[in-house]
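To keep things clear, I will list the structure first and then write my remarks on it.
Numbering (the numbering used here), first residue to last: 296 to 350.
This is the structure in structure tokens:
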């Protein structure tokens with residue numbers, strides 16, 4: 296099950312990095328939350344759930 300946990304962790308790290316990058320882009324353009332940031336947040340939650348199952 297440790298294998299599943301590490302997959303979830305990597306999903307979470309990648310999604311978190313993409314989300315932060317998206318936030319920086321939003322700050323520069325002063326726009327609202329884009330659909331991309333919601334997508335990355337959802338992927339982060341998915342990663343957390345997979346980590347929870349694998350633990």
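By construction, the Cβ of each residue, glycine as well, lies at the ideal position given by its N, Cα and C atoms.
Roughly how many angstroms lie between the CA atoms of residue i and residue j, to the nearest whole one?
i, j, result
"residue 325", "residue 307", "26 Å"
"residue 347", "residue 334", "20 Å"
"residue 319", "residue 298", "32 Å"
"residue 302", "residue 312", "16 Å"
"residue 300", "residue 338", "15 Å"
Where do the ends of the alpha helix (DSSP H) carrying residue i lie?
i, result
"residue 339", "330–349"
"residue 323", "297–324"
Going by beta-carbon coordinates alone, are residue i and residue j separated by less than 8 Å?
i, j, result
"residue 310", "residue 349", "no"
"residue 332", "residue 344", "no"
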